[in-house]
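Visitor: Could you have a look at this structure, given as structure tokens, before my questions?
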Amino acid sequence: MSYKIAGGWAKALERLRKSNNTVHRDEGVAALRAGRPLEAIDALRRHLAVRPHDGHSWVRLGNALKDTGRYDEAEAAYERGCKLKPRSSNAWLRRAYLAKFSGHNERAAAFFRRSFELDGNSEAGRELLRMGEHGASVRDAPDIVGCIDGLVANSIFGWCVDPDGPEGPAELEFLQNGLVVGEGRTSLPRPDVVAAGFSNTHAGFRIALSSDYRAEAGAVVARLARSKRTLVNSPYQPSADDHVAIWLKRWDGLASHELEELCDSMDRETAGSLLSIVMPVYNTPVDWLRRAINSVISQFCSRWELLCVDDASTEPLVQQVLTEFSAVDSRIKVIRREKNGGVSAAVNDGIRHARGKYVAFLDHDDALEPEAVYRVLKESLSGHDIIYTDEVICGEDIDVISQVVARPSFSYDYYISHPYFVHFVSVKRSLAKKVGGYDLKMNISMDVDFVLRILENSKSVSHIPVPLYRWRTHDGSAGHEKIDAVMDATRRSLERHHARTNSRAEVSNGLTFNTFRHDFPSCAKSLIIIPTKNRVDLLKPCVDSLLLTTESDVLIVDHDSNDQSTLDYMSQLPNRVKVIRYSGPFNFSAMNNRAVEEAGSGYDLYLFANNDVEAIEAGWIEHMQGLCLREDVGAVGALLLYSDGSVQHGGVVLNVGGPAEHVYKNAPSNLGEGRNPGYISGLVSVRDFSAVTGACMMVRADIFKTVGGFDPLLAVGFNDIDLCLRIREAVT
Numbered sequence: 001m002s003y004k005i006a007g008g009w010a011k012a013l014e015r016l017r018k019s020n021n022t023v024h025r026d027e028g029v030a031a032l033r034a035g036r037p038l039e040a041i042d043a044l045r046r047h048l049a050v051r052p053h054d055g056h057s058w059v060r061l062g063n064a065l066k067d068t069g070r071y072d073e074a075e076a077a078y079e080r081g082c083k084l085k086p087r088s089s090n091a092w093l094r095r096a097y098l099a100k101f102s103g104h105n106e107r108a109a110a111f112f113r114r115s116f117e118l119d120g121n122s123e124a125g126r127e128l129l130r131m132g133e134h135g136a137s138v139r140d141a142p143d144i145v146g147c148i149d150g151l152v153a154n155s156i157f158g159w160c161v162d163p164d165g166p167e168g169p170a171e172l173e174f175l176q177n178g179l180v181v182g183e184g185r186t187s188l189p190r191p192d193v194v195a196a197g198f199s200n201t202h203a204g205f206r207i208a209l210s211s212d213y214r215a216e217a218g219a220v221v222a223r224l225a226r227s228k229r230t231l232v233n234s235p236y237q238p239s240a241d242d243h244v245a246i247w248l249k250r251w252d253g254l255a256s257h258e259l260e261e262l263c264d265s266m267d268r269e270t271a272g273s274l275l276s277i278v279m280p281v282y283n284t285p286v287d288w289l290r291r292a293i294n295s296v297i298s299q300f301c302s303r304w305e306l307l308c309v310d311d312a313s314t315e316p317l318v319q320q321v322l323t324e325f326s327a328v329d330s331r332i333k334v335i336r337r338e339k340n341g342g343v344s345a346a347v348n349d350g351i352r353h354a355r356g357k358y359v360a361f362l363d364h365d366d367a368l369e370p371e372a373v374y375r376v377l378k379e380s381l382s383g384h385d386i387i388y389t390d391e392v393i394c395g396e397d398i399d400v401i402s403q404v405v406a407r408p409s410f411s412y413d414y415y416i417s418h419p420y421f422v423h424f425v426s427v428k429r430s431l432a433k434k435v436g437g438y439d440l441k442m443n444i445s446m447d448v449d450f451v452l453r454i455l456e457n458s459k460s461v462s463h464i465p466v467p468l469y470r471w472r473t474h475d476g477s478a479g480h481e482k483i484d485a486v487m488d489a490t491r492r493s494l495e496r497h498h499a500r501t502n503s504r505a506e507v508s509n510g511l512t513f514n515t516f517r518h519d520f521p522s523c524a525k526s527l528i529i530i531p532t533k534n535r536v537d538l539l540k541p542c543v544d545s546l547l548l549t550t551e552s553d554v555l556i557v558d559h560d561s562n563d564q565s566t567l568d569y570m571s572q573l574p575n576r577v578k579v580i581r582y583s584g585p586f587n588f589s590a591m592n593n594r595a596v597e598e599a600g601s602g603y604d605l606y607l608f609a610n611n612d613v614e615a616i617e618a619g620w621i622e623h624m625q626g627l628c629l630r631e632d633v634g635a636v637g638a639l640l641l642y643s644d645g646s647v648q649h650g651g652v653v654l655n656v657g658g659p660a661e662h663v664y665k666n667a668p669s670n671l672g673e674g675r676n677p678g679y680i681s682g683l684v685s686v687r688d689f690s691a692v693t694g695a696c697m698m699v700r701a702d703i704f705k706t707v708g709g710f711d712p713l714l715a716v717g718f719n720d721i722d723l724c725l726r727i728r729e730a731v732t
């Protein structure tokens, strides 16, 4: 399989060079990442001398000062950061930890409370619980019964526990200017609330406010309906920059002639194209069915046909609705099946009757955004084999937005780890027929199975980064009703996929729902390379963990250590741990390159690791080896955690908050007793990233030598990012 993905890595490198961040800020961040706080302090002070209003860098400086024991200076830096970024829960959280460490419990409680009030984060909540009377325990404090997490469009969400009935649902009411604009109760799982010390596992809420609510009319009061006790951050002022609300109103105000001109323009741009939309129908609630069909009729671009495949519905009203619509619009075709055959049979009938070059799929209880057909047809002009889009998740009321799912560009490994798109998918009709449509033997997860077979025969995959589909979730949704069946069916589809592609990977259930682990063959010889200087307190736990969890050889690059305990430790290591000496100014790139030159012969893979990394579970290196040995992979990184269990590294993205930033940094790795899946299950999935940190990076030996190793000109920071970008260019 080969996939062409839009995007230029050379452009990413150019954006990296043109970043507005000062070189001192970048050096400071890199030094912090590498565990060198003294260097970080010097670099960040130089940066702040010219960028004194950079609140995030004041917090970073506070972190570095705290790590070196300069607590008064750290407090001054945190204070400055909190003043510049008063709504940064992380800034208040870091300041709170320093106050707690220094024994200032009342100040710590106030800062933890401020952090908690900003976003209800469970880390601050747990600390408040632990602090007892000084922290005014979250569970016991009379003024903390819940938190509003957000208000998007007319959907307000958060969590609440009623002290008068902490185990049951909390009844809530919402007011704006004294008028009740919404009512509801808690019912959603919130493992983070459990982690903060509450016993109520379903303390979450997402409630639609009534039409009386207006975003511009002021703050919303959220309170318990009976006791009238308010949530901690109530009144809640909705953001003036509510992107979802703005998006929902994007077509409001268009005059009829403007809309007509827009539609004509879309038709001209897609002349000669036709999108066939297949919609299997079976006993659909008629209001939902009408909404689905109307969402197609209302398309701005007219170049579509809707194939409604009635899978022998027994509800007369369903047949009546289909007949009504097909009578008034010739583009709506009704295909009636005499016998119920299930979704797969219905979809395949639709594919057989389709006339468009591309065929798309719409569930009978969902809806399309009005520009969906145009966007797909416009993208199809580039000849992609499969096209997918972003989507909006709703509840039973399709106008109440629960979540906007902004999917990433296509990542094969991400998809097989967590099949992250099934709506709204469009494929070439010829390809859909070639793979045989949906598998008639399947009655669940057949859409994932179909996409896998399409991908096996595709050369070009495209993602439209726009929400074009509304997915109505309800108790009858198959994916919600049969969790075990979904996992089993999807895992079997993935196993068949690997068998067809001869990848020999073993598939097992992942850490959370709808995630899967793939262990590729990992027979390889790896060398683990660890640069260090002194710090036996870090080096020994690192090496011990590697010896316990791997059978790999270890090479320590000693940079002029002069601490006797460190030298004694390195002289007593077992045979599979070697030490080479390196002298001169610190240069991360040169040290690792020297290690490969002197001792890298005969190894298939190199694992570059910092001296403060500790392996915490068996099988990790085999998993990384299996991925790294694939011809389409050049470098593999690991999920790294801080000692408190929060995420330090989950991949690197470019030009988001800085030239190169860690994804999921400071997010909790666990929620309650389970793992935190992260956004679109990104924390528990294998996926492509622009780069990974050199703190734990595996690279194939041949690729490392092909690209020339690390760049010695990048002595301290961004050498790992540079290497990854050059590797990606070499591999792709």
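Sequential numbering from 1 applies to the sequence shown in the UniProt record's numbering.
Ideal Cβ positions, reconstructed from N, Cα and C, are used throughout, including at glycine.
#1: Is residue 334 near residue 438, with beta carbons less than 7 angstroms apart?
#2: Which runs of the beta strand (DSSP E) at least 3 residues long sit entirely within the region 138-205? Give them in chain order.
#3: If you check the beta carbons only, do residue 364 and residue 284 fall under 7 angstroms apart?
#4: Would you mind stating whether residue 219 and residue 237 have Cβ atoms separated by less than 7 angstroms?
#5: If we ignore side chains and look at the alpha-carbon of each, how far apart do residue 298 and residue 408 end up?
#6: DSSP state of residue 136, grouped into three classes?
#7: So does the region 454-471 actually touch the region 533-545, counting three or more Cβ pairs closer than 8 angstroms?
#8: Using CA coordinates, which residue listed in 590, 683, 538, 523 is at the minimum distance from residue 619?
#9: Between the alpha carbons of residue 719 and residue 444, how many angstroms are there, rounded?
#10: Kindly indicate which residue of 551, 579, 514 has the alpha-carbon position closest to the one of residue 683.
#11: Between the Cα of residue 436 and the Cα atoms of 424, 451, 425, which residue gives the shortest distance?
#12: Please classify residue 243 as buried or exposed, where buried requires at least 16 other C-beta atoms within 10 Å of its C-beta.
#13: Any idea what DSSP makes of residue 94, helix, strand or coil?
#14: Going by the CB atoms, is the gap between residue 77 and residue 58 shorter than 7 angstroms?
#15: With a floor of 3 residues, list each beta strand (DSSP E) that falls wholly inside the region 463-533, ordered by position along the chain.
#16: I'd like the list of long-range same chain contacts for residue 342, defined as Cβ closer than 6 angstroms, with 5 residues on each side in sequence excluded.
#17: Buried or exposed for residue 716, going by 16 or more other Cβ atoms inside 10 Å?
#18: What residue range does the alpha helix (DSSP H) around residue 280 cover?
#19: State the Cα-Cα distance for the pair residue 428 and residue 668, rounded to the nearest angstrom.
#20: Could you check whether residue 367 and residue 470 sit closer than 7 angstroms to each other, using their CB atoms as the reference points?
#21: Do three or more CB pairs link the region 277-291 to the region 311-318 at distances below 8 angstroms?
#22: What would DSSP say about residue 222, mapped onto helix, strand or coil?
#23: Mapping the DSSP letters down to three states, classify residue 213 as helix, strand or coil.
#24: Would you say residue 373 and residue 301 are within 7 angstroms of each other, going by their C-beta atoms?
#25: Candidates 727, 636, 726, 664: which alpha carbon is nearest residue 686's?
#26: Using a threshold of 7 angstroms, state whether the C-beta atoms of residue 209 and residue 154 are closer than that.
#27: Please classify residue 53: is it buried, with 16 or more other beta-carbons within 10 angstroms of its beta-carbon, or exposed?
#28: Based on the DSSP output, what are the partners of residue 698 in its beta bridges?
#29: Express the C-alpha separation of residue 655 and residue 410 in angstroms, rounding to a whole number.
#30: State yes or no: is the C-beta of residue 56 within less than 7 angstroms of the C-beta of residue 22?
#31: Between residue 485 and the rest of its own chain, which residues show a CB-CB distance below 7 angstroms, the 5 nearest in sequence each way excluded?
#32: Is the region 371-390 in contact with the region 642-660, if contact means three or more CB pairs nearer than 8 angstroms?
#33: Would you say residue 198 and residue 161 are within 7 angstroms of each other, going by their C-beta atoms?
#34: Which whole-angstrom value describes the C-beta separation of residue 276 and residue 354, a residue pair presumed to lie in contact below a C-beta threshold of 8 angstroms?
#35: Could you give the distance in angstroms between the alpha-carbon of residue 586 and the alpha-carbon of residue 33?
#36: Which value, in whole angstroms, describes the spacing of the CA atoms of residue 603 and residue 566?
Guide: So, from the data block:
#1: Taking the first residue of the sequence shown as position 1, residue 334 is located at position 334. Taking the first residue of the sequence shown as position 1, residue 438 is located at position 438. No.
#2: 146-152, 155-160, 171-176, 179-185
#3: Position 364 of the sequence shown, counting from 1, holds the residue named residue 364. Position 284 of the sequence shown, counting from 1, holds the residue named residue 284. Yes, they are a contact pair.
#4: Counted from its first residue, the sequence shown places residue 219 at position 219. Counted from its first residue, the sequence shown places residue 237 at position 237. Contact flag set, yes.
#5: By 1-based counting over the sequence shown, the position of residue 298 is 298. By 1-based counting over the sequence shown, the position of residue 408 is 408. If you take the alpha carbons of residue 298 and residue 408, they lie about 28 angstroms apart.
#6: Working through the sequence shown from its first residue, we reach residue 136 at position 136. Confidence in residue 136 is poor, its pLDDT being 44 and thus under 50, which makes the residue's placement unreliable; the coordinate value appears in the next sentence. In the structure shown, residue 136 sits in coil (DSSP, three-state: anything other than H, G, I, E or B).
#7: no
#8: Along the sequence shown, read from residue 1 onward, the residue named residue 619 stands at position 619. Nearest of 590, 683, 538, 523 to residue 619, Cα basis: 523.
#9: Working through the sequence shown from its first residue, we reach residue 719 at position 719. Working through the sequence shown from its first residue, we reach residue 444 at position 444. Straight-line Cα distance between these residues: approximately 46 angstroms.
#10: Within the sequence shown, numbered from 1, the residue matching residue 683 stands at position 683. Nearest option by C-alpha distance: 514.
#11: Position 436 of the sequence shown, counted from the start, is the residue given in the question as residue 436. It is 451 whose Cα lies nearest to the Cα of residue 436.
#12: Mapped onto the sequence shown, residue 243 falls at position 243. The residue is exposed, with fewer than 16 neighbouring Cβ atoms inside 10 Å.
#13: Mapped onto the sequence shown, residue 94 falls at position 94. The answer is helix: DSSP assigns residue 94 an H, G or I state.
#14: By one-based count along the sequence shown, residue 58 stands at place 58. By one-based count along the sequence shown, residue 77 stands at place 77. Going by C-beta atoms, residue 58 is nearer than 7 angstroms to residue 77.
#15: 506-509, 516-519, 526-532
#16: If you number the sequence shown from 1, residue 342 lands on position 342. Around residue 342: 443.
#17: The residue you call residue 716 lines up with position 716 of the sequence shown. Buried is the call here.
#18: By 1-based counting over the sequence shown, the position of residue 280 is 280. Here residue 280 belongs to no alpha helix (DSSP H); instead the beta strand (DSSP E) covers 275-281.
#19: Here residue 428 corresponds to residue number 428 of the sequence shown, with the count starting at 1. Here residue 668 corresponds to residue number 668 of the sequence shown, with the count starting at 1. About 41 angstroms.
#20: Your numbering for residue 470 matches position 470 in the sequence shown. Your numbering for residue 367 matches position 367 in the sequence shown. Cβ atoms of residue 470 and residue 367: closer than 7 angstroms.
#21: yes
#22: On the sequence shown, position 222 is the one that residue 222 refers to. Residue 222: strand per DSSP, three-state reduction.
#23: As a first step, residue 213 is located in the sequence shown; it is residue number 213 there, counting from the start. Coil at residue 213, not helix or strand.
#24: Numbered from its first residue, the sequence shown carries residue 373 at position 373. Numbered from its first residue, the sequence shown carries residue 301 at position 301. In contact: residue 373 and residue 301 (Cβ atoms closer than 7 angstroms).
#25: Taking the sequence shown and counting its residues from 1, the one referred to as residue 686 is at position 686. The candidate whose alpha carbon is nearest that of residue 686 is 636.
#26: Along the sequence shown, one-based indexing puts residue 209 at 209. Along the sequence shown, one-based indexing puts residue 154 at 154. In contact: residue 209 and residue 154 (Cβ atoms closer than 7 angstroms).
#27: For this step, residue 53 is matched to residue 53 along the sequence shown. Classification of residue 53: exposed, given that the 10 Å Cβ count is below 16.
#28: Looking up residue 698 in the sequence shown gives position 698. According to DSSP, which records beta bridges pairwise, residue 698 is partnered with 607, 636.
#29: Here the question's residue 410 lines up with position 410 in the sequence shown. Here the question's residue 655 lines up with position 655 in the sequence shown. In a straight line, the C-alpha of residue 410 is about 19 angstroms away from that of residue 655.
#30: Along the sequence shown, read from residue 1 onward, the residue named residue 56 stands at position 56. Along the sequence shown, read from residue 1 onward, the residue named residue 22 stands at position 22. No, these two residues do not count as a Cβ contact at 7 angstroms.
#31: Residue 485 sits at position 485 when you count from the first residue of the sequence shown. Around residue 485: 444.
#32: no
#33: Taking the first residue of the sequence shown as 1, we reach residue 198 at position 198. Taking the first residue of the sequence shown as 1, we reach residue 161 at position 161. Against a cut-off of 7 angstroms, the Cβ pair of residue 161 and residue 198 comes out as a contact.
#34: In the sequence shown, counting from the first residue as 1, residue 276 sits at position 276. In the sequence shown, counting from the first residue as 1, residue 354 sits at position 354. Indeed, because the Cβ distance is near 4 angstroms, the residues count as touching under 8 angstroms.
#35: Numbered from 1 along the sequence shown, position 586 holds the residue referred to as residue 586. Numbered from 1 along the sequence shown, position 33 holds the residue referred to as residue 33. For residue 586 and residue 33, the distance between alpha carbons rounds to 15 angstroms.
#36: The residue labelled residue 603 in the question sits at position 603 within the sequence shown. The residue labelled residue 566 in the question sits at position 566 within the sequence shown. Each residue's alpha carbon lies about 27 angstroms from the other.
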